[in-house]
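Residue numbers (full-length UniProt numbering), protein chains in the order written: chain A, 1 to 503; chain B, 1 to 503. We treat Cβ as the ideally placed atom computed from N, Cα and C, and that holds for glycine.
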């Protein structure tokens with residue numbers, strides 16, 4: 001498994017001339033003919049994920065139902081050295097589930113069983129196709145919930161969340177997906193079935209669960225996922241504060257954290273986002289003339305929430321909030337959150353297309369970064385709407401543009417690239433929760449030295465010596481990144497590329 | 001780096017006949033002659049760590065001061081294929097820092113600088129030899145602290161904490177070491193210097209920081225460690241509840257967690273531990289006639305703590321506590337904790353020797369496991385004192401014995417082994433916070449299948465193809481585990497052993 005089998009070395013040329021008929025027959029024998037998709041029309045549904053600016057059909061789509069079927073499918077891929085990748089609901093925003101040419105796409109849509117609910121020990125075991133929100137639905141009656149809550153939680157799959165280490169509004173206080181996954185049953189790139197982690201947090205040996213979460217399908221496929229569920233808070237208040245400038249909202253965020261209060265969530269939406277949401281949903285909650293609103297959710301025991309809500313309100317007012325309204329009842333709270341959750345979709349009202357960026361900055365750099373982003377918006381001539389997980393410094397600038405204008409996407413990508421470099425320059429990250437996927441691999445050298453990246457690629461080679469598990473994702477290569485700014489650093493990785501550059 | 005270089009394949013025979021003089025001269029050139037230890041008398045200080053039942057002198061001890069010096073030392077080890085390992089303060093309880101015969105011991109005692117304190121972003125960067133408690137001391141004036149707090153915190157090193165993924169009393173609420181390490185500068189087993197993670201939590205790519213923490217020196221040596229520090233709580237109360245039986249204390253623990261309260265710490269000490277502590281420290285705090293005491297620390301804002309302390313007190317009384325006393329002032333609180341922190345050391349009063357076990361069980365299984373342990377104690381004829389992190393189900397049974405009686409250690413080890421198997425049988429773990437080291441490698445097949453272990457060994461091979469970084473630790477081999485119960489499972493790992501069995 002460790003040494004790369006040179007005879008299996010591959011290329012697009014070989015894949016182009018491959019005879020898929022016998023391979024498809026093997027897949028049909030594993031999952032049944034109706035669960036193998038081959039026609040061009042049907043494959044259309046799988047040609048991209050939530051990153052719609054890239055499109056590519058796979059050679060074949062296979063829909064397994066069990067770990068054993070996934071293992072058999074992957075063994076076929078291994079035997080023929082076929083690149084493969086898994087896809088959950090296809091809502092990912094970095095192209096992690098973007099198929100490769102002549103690849104096998106393993107879709108988990110039929111793996112939607114909740115296998116075990118263990119309330120006593122606060123564990124739930126699910127198949128990867130289970131929808132994020134179903135986990136909470138399955139345990140909320142007993143007073144529990146599953147914390148990571150991407151905006152897409154009513155449609156995204158737990159398997160996809162694991163692959164991308166998804167975040168969400170409540171990750172400020174409770175952590176991202178990796179903090180809630182205790183164990184995984186995995187199919188490795190040679191088809192072997194292994195268990196990593198377990199049903200308890202204190203597992204000895206290497207933390208392979210941790211390395212797998214966020215590995216974007218490059219180390220194998222998770223077929224059973226053991227999640228930690230949390231006790232629902234006794235009381236929740238949501239505060240909406242509105243501000244005349246975004247910097248004041250940013251200063252409030254630092255003020256709240258500085259006071260030792262960690263809210264369940266703390267989100268900023270700027271004027272453009274507010275108006276997009278009100279145009280679409282007409283919630284009536286968000287003041288259209290505010291430069292920014294801050295949504296702060298406080299959870300805990302009744303007394304604690306009442307006290308902290310009062311303290312947070314006064315921090316908001318000290319920092320210049322015009323108004324602070326508090327929602328204590330569930331309907332009111334959901335109404336306040338509804339606009340935030342629909343903010344991306346609402347951008348469709350403002351512009352035919354938008355490009356969502358996902359960067360992280362130290363919280364304290366928020367005012368500086370907002371000003372710089374405004375300058376970049378002016379320089380490139382594209383408006384930028386801002387929606388962000390302010391508490392953990394995770395920005396989601398939405399660049400509005402029209403994709404039907406030739407050259408627009410390239411300019412917008414260049415603008416997005418400048419925003420990411422700005423994040424790195426102030427000590428942040430090129431991704432907070434959407435992953436690297438196909439979209440950001442060329443920015444990896446902004447954050448990692450060649451030897452740092454080389455170390456990651458060693459680990460990849462160790463799990464996947466043939467380089468068939470979602471190849472070309474995460475890591476930069478000279479071919480995929482061309483003569484980009486950092487191609488010199490990328491070329492230093494040369495010796496490792498023979499493997500990841502092949503497809 | 002990936003393929004194992006067969007020509008470098010090694011054996012104890014080769015190491016026995018090695019000429020150390022030129023190697024020692026190279027070490028002296030790197031760190032200076034006074035920082036290389038070679039005499040048998042001086043080496044005595046390094047022949048074991050906190051697991052004193054195993055002893056072995058290394059061939060040489062080297063004391064570097066910088067990352068570059070560690071890298072140069074490791075390059076020499078790599079060139080001559082010499083097994084090496086790092087040692088911090090030598091307080092580890094699983095033999096992780098137990099030298100091998102003819103090995104190079106790299107001691108971090110001179111790497112004690114706090115390199116950076118960044119209060120604004122709540123980060124501290126330290127060298128590995130920095131003492132755990134120094135981190136809190138460096139930031140407590142500004143209202144911050146470092147959460148992981150092993151009982152040995154006034155002497156154990158942060159580097160050792162990282163290697164063993166150490167826990168402590170406050171890990172119930174705040175997590176173990178891995179939850180507080182953001183980034184690492186590493187010297188890999190070939191001497192390469194790489195950075196993993198960073199100064200922020202949201203780093204893209206594989207979570208190599210996570211895999212390194214707890215890898216017990218088998219993947220390399222951390223030479224700079226970026227830690228997350230937390231805001232100190234506004235208010236802390238410590239409750240001491242005493243019970244007429246241990247089961248009632250256990251039921252109280254489940255009651256508190258079930259009420260949605262997560263205390264900063266929640267510890268049980270049984271009657272034997274209480275009396276050992278009172279014999280030694282005479283704190284006067286712990287009632288000698290109690291079957292068990294429960295120490296519960298509640299932290300947060302003043303109102304929140306006052307409220308939760310009241311709720312916890314009532315849960316204690318509902319579950320049959322005879323008395324509940326509450327310490328609100330810092331001296332009182334420290335006095336209550338002092339006995340718990342000194343509990344292991346106090347066992348010296350009761351018995352010439354003790355063997356401390358470290359297992360994890362699901363919280364709900366506590367009453368059953370305590371009864372089974374009592375039965376095992378009777379069966380083997382050795383008393384067992386119990387001190388445990390009850391909130392997270394992490395048991396520390398202390399088996400009392402006299403090592404000068406021939407055969408006693410073997411019997412005690414057999415009893416310890418039965419306790420671990422009991423933990424695994426109820427769905428727990430063979431280690432909560434002390435690591436596997438040399439002590440527990442033979443129990444790994446109790447928790448992991450051969451293919452699960454094989455996956456870990458692949459990862460190891462990937463970082464350390466020559467198998468020179470702390471070899472023989474963590475993983476079971478036929479030689480180290482002999483014909484133990486699980487030797488069949490161990491033998492199934494055969495193909496991987498060529499590497500880890502060599503030394």
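Asked: Give the list of continuous beta strand (DSSP E) stretches no shorter than 3 residues that lie fully inside the stretch 318 to 387 of chain B.; Found: 323 to 327 and 353 to 356
Asked: Figure out for me which residue from B:173, B:164, B:45 and B:245 has the closest Cα to the Cα of residue 504 of chain B.; Found: Since the first and last residues shown for chain B are 1 and 503, residue 504 of chain B lies out of range.
Asked: Could you give the DSSP three-state label for residue 400 of chain B: helix, strand or coil?; Found: strand
Asked: Any idea which residues DSSP pairs residue 157 of chain B with across the strands?; Found: B:131
Asked: So the alpha helix (DSSP H) residue 31 of chain B belongs to, where does it begin and stop?; Found: 20 to 31
Asked: Could you confirm whether any beta carbon from chain B is found closer than 9 angstroms to the beta carbon of residue 12 of chain A?; Found: no
Asked: Rounding to the nearest angstrom, what Cα-Cα distance links residue 364 of chain B and residue 86 of chain A in this structure?; Found: 37 angstroms
Asked: Could you please tell me which residues of the stretch 429 to 460 of chain B, in chain order, have their CB closer than 9 angstroms to any CB of chain A?; Found: 429, 430, 431, 432, 433, 435, 436, 440, 443, 444, 447, 448, 449, 451, 452, 453, 454, 455, 456, 458, 459 and 460
Asked: Would you tell me roughly how many angstroms separate the C-alpha atoms of residue 379 of chain A and residue 455 of chain B, rounded to the nearest one?; Found: 50 angstroms
Asked: Would you kindly work out how many angstroms separate the C-alpha atoms of residue 263 of chain B and residue 229 of chain A, rounded to a whole number?; Found: 18 angstroms
Asked: Is it right to say residue 330 of chain B is buried, meaning 16 or more other beta carbons lie within 10 angstroms of its own, or is it exposed?; Found: exposed
Asked: Can you tell me which of B:181, B:113, B:89 and B:168 puts its alpha carbon nearest to the alpha carbon of residue 122 of chain B?; Found: B:181
Asked: Assign residue 3 of chain B to one of three DSSP states: helix, strand, or coil.; Found: For residue 3 of chain B, the pLDDT reaches just 34, beneath the cut-off of 50, and the residue's location in the model is therefore unreliable, although a value from the coordinates is still provided. In this structure, residue 3 of chain B counts as coil in the three-state DSSP scheme.
Asked: Taking the straight line between their C-alpha atoms, what separation do you get for residue 116 of chain B and residue 135 of chain B?; Found: 11 angstroms
Asked: Would you give the residue range spanned by the beta strand (DSSP E) that residue 84 of chain B belongs to?; Found: 84 to 87
Asked: So, does the CB of residue 261 of chain B fall closer than 9 angstroms to a CB anywhere in chain A?; Found: yes
Asked: Within 9 angstroms (strictly less), CB to CB, does residue 462 of chain A reach chain B?; Found: yes
Asked: Which of helix, strand or coil does DSSP assign to residue 185 of chain B?; Found: strand
Asked: Quick one: which residues of the stretch 114 to 130 of chain B get their C-beta closer than 8 angstroms to a C-beta of chain A? List them in chain order.; Found: 120 and 121
Asked: So, do the stretch 50 to 69 of chain A and the stretch 102 to 115 of chain A have three or more beta carbon pairs nearer to each other than 8 angstroms?; Found: yes
Asked: Hey, could you find the ends of the alpha helix (DSSP H) residue 409 of chain B is sitting in?; Found: 408 to 425
Asked: Scan the stretch 193 to 215 of chain A for residues whose Cβ lies nearer than 8 angstroms to a Cβ of chain B and list them as they occur along the chain.; Found: 193, 194, 195, 196, 198, 199, 200, 201, 202, 203, 204, 205, 206, 207, 208, 210, 211, 213, 214 and 215
Asked: Counting only runs that start and end within the stretch 39 to 74 of chain A, where is the alpha helix (DSSP H) found for 4 or more residues in a row?; Found: 40 to 43
Asked: Would you decide whether residue 137 of chain B is buried or exposed? Buried here means 16 or more other CB atoms lie within 10 Å of its CB.; Found: exposed
Asked: Could you give the residue range of the beta strand (DSSP E) that holds residue 295 of chain A?; Found: 292 to 300
Asked: Could you check if residue 441 of chain B is buried or exposed, using at least 16 other CB atoms within 10 Å of its CB as the buried criterion?; Found: buried
Asked: Let's test the definition: count the other Cβ atoms within 10 Å of the Cβ of residue 476 of chain A and tell me whether it reaches 16, buried, or not, exposed.; Found: buried
Asked: How about residue 422 of chain B and residue 383 of chain B: are their beta carbons less than 9 angstroms apart?; Found: no
Asked: Excluding the 5 residues preceding and the 5 following residue 5 of chain A in the sequence, name in chain order all residues of the same chain whose CB lies nearer than 6 angstroms to its CB.; Found: Confidence at residue 5 of chain A is low in this model, with a pLDDT of 40, below 50, so the placement of that residue is unreliable and no value is reported for it.
Asked: How about residue 474 of chain B and residue 82 of chain B: are their beta carbons less than 9 angstroms apart?; Found: no
Asked: Excluding the five sequence neighbours on either side, which residues of its own chain have a C-beta within less than 7 angstroms of the C-beta of residue 77 of chain A, listed in chain order?; Found: 84, 104 and 468
Asked: Flag this pair as touching only if the stretch 184 to 199 of chain A and the stretch 67 to 77 of chain A have three or more C-beta atom pairs under 8 angstroms; answer yes or no.; Found: yes
Asked: Strictly under 9 angstroms for the Cβ-Cβ distance: is residue 419 of chain B near chain A by that measure?; Found: no
Asked: Using 10 angstroms around the beta-carbon of residue 460 of chain B, count the other beta-carbons present and answer buried if the total reaches 16, otherwise exposed.; Found: buried
Asked: With residue 232 of chain B and residue 90 of chain B assumed to form a contact (beta carbons below 8 angstroms), what rounded beta-carbon distance in angstroms separates them?; Found: That pair is no contact at about 30 angstroms.
Asked: Would a C-beta distance cut-off of 9 angstroms place residue 169 of chain A and residue 96 of chain A closer than the cut-off?; Found: no
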